[in-house]
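> The structure follows.
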Amino acid sequence: MEYPRLRLAVFFLLFLHQNLFSSAAESGVVEQTCAQAAAKGIDFDFCVKTLKKNSKSSTAGTRDLATIATKLAEKEFKHVWNAIKKLLHGKLTVPDKQALSVCFDVYEDGIDALKAAIKFIKSRSESDAITYLSASLTDVTTCDDAFEEVGRKSPIAKMNEEARNFSTLASPSLRFCDTTVLCLGINNHCYIVYIK
């Protein structure tokens, strides 16, 4: 089954500047964010267009942009979770149902992780935010692994593969860079969060 709303996996780019009170419009935070994303291979124009779709981004500070991006990702995780829920009500083999049940649970965990990340971004606990954003990436991979374990092809394999690609891009940045980059991808949107 294809998921037209899930062509790309969700992008997260994590990096909060020390000047948390500047507005995006004054300092060009959206453009700075997208320049960082472009350095990681994400299309700059696509990134700017996606972030600017949210009317609050034009006056948002970096912390607000982080919150906006994480909320967008949470919305997309809910969309995937609902798609899985719908599949679970269909006719499935026992192995497919087992694997989709794992996906259902881990995407639900991912939604909770993203909610927690939002809370920690707002409370300025960046390391906790990074932990929860990273957990949401793990949830995507766990879903894919569930199908591998039962030897079945995942009906949501394309979305999981794209998400894993972006997660792989982010992993080294989480451990080795002053600028933390965390990428997820879903639904042709570029979601970018800065935390430093």
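Using mature numbering (1 follows the signal peptide of the UniProt record, and there is no 0), the letters of the sequence shown map in sequence onto residues -24 to -1, 1 to 172. Virtual Cβ for every residue (Gly too), placed ideally from N, Cα, C.
Just how far apart, CA to CA, sit LYS98 and GLU50?
To locate residue 98, count along the sequence shown from 1; it is residue 122. To locate residue 50, count along the sequence shown from 1; it is residue 74. About 15 Å.
> If you drop the 5 nearest sequence neighbours on each side, which residues of the same chain put their C-beta closer than 7 Å to that of VAL126?
As a working note, residue 126 is residue 150 in the sequence shown. Result list for VAL126: PRO71, GLN74, ALA75, in chain order.
> Excluding the five sequence neighbours on either side, which residues of its own chain have a C-beta within less than 8 Å of the C-beta of GLU7, listed in chain order?
By one-based count along the sequence shown, residue 7 stands at place 31. VAL24, listed in sequence order.
> Rounded to whole angstroms, what is the Cα-Cα separation between SER147 and LEU27?
As a working mapping, residue 147 is identified with position 171 in the sequence shown. As a working mapping, residue 27 is identified with position 51 in the sequence shown. Per-residue confidence for SER147 stands at a pLDDT of 29, beneath the threshold of 50, marking its modelled position as unreliable; the derived number appears in the next sentence. Near 23 Å, if we compare the C-alpha coordinates of LEU27 and SER147.
> So for ALA15, helix, strand or coil by DSSP?
Taking the first residue of the sequence shown as position 1, residue 15 is located at position 39. If DSSP states are grouped into helix, strand and coil, ALA15 belongs with the helices.
> Pull up the distance between the alpha-carbon of ALA42 and that of MET135, whole angstroms please.
As a working mapping, residue 42 is identified with position 66 in the sequence shown. As a working mapping, residue 135 is identified with position 159 in the sequence shown. Spanning the two alpha carbons is a distance of roughly 23 Å.
> As a quick exercise: from PHE20, SER77, LEU68, pick the residue whose alpha carbon is nearest that of ASP115.
Locating residue 115 in the sequence shown gives position 139, where the first residue counts as 1. Checking every option, the nearest Cα to that of ASP115 belongs to SER77.
> Output needed for ASP104: all residues of its chain with C-beta closer than 6 Å, excluding positions within five of it in sequence on either side, in chain order.
As a first step, residue 104 is located in the sequence shown; it is residue number 128 there, counting from the start. Within the same chain, ASP104 has close Cβ partners PHE96.
> Any idea what DSSP makes of ARG128, helix, strand or coil?
Numbered from 1 along the sequence shown, position 152 holds the residue referred to as residue 128. Coil at ARG128, not helix or strand.
> CA-CA distance, GLU124 and GLY37?
Numbered from 1 along the sequence shown, position 148 holds the residue referred to as residue 124. Numbered from 1 along the sequence shown, position 61 holds the residue referred to as residue 37. About 42 Å.
> Rounded to the nearest angstrom, what separates PHE152 and THR107 at their Cα positions?
Position 176 of the sequence shown, counting from 1, holds the residue named residue 152. Position 131 of the sequence shown, counting from 1, holds the residue named residue 107. Note on PHE152: pLDDT 25, under 50, position unreliable in the model; no value is reported.
> Under 7 Å Cβ to Cβ from ALA93, same chain only, skipping five residues before and after it: list those, please.
Position 117 of the sequence shown, counted from the start, is the residue given in the question as residue 93. Cβ within range, chain order: THR46, ALA105, TYR108, LEU109.
> Within 10 angstroms of the Cβ of SER130, are there 16 or more other Cβ atoms? Answer buried if so, exposed if not.
The residue you call residue 130 lines up with position 154 of the sequence shown. The residue in question, SER130, is buried, as its Cβ has 16 or more Cβ neighbours within 10 Å.
> Going by DSSP, what residue range makes up the alpha helix (DSSP H) through LEU90?
Translated into the one-based positions of the sequence shown, residue 90 becomes position 114. 70 to 98 is the span of the alpha helix (DSSP H), which, as asked, contains LEU90.
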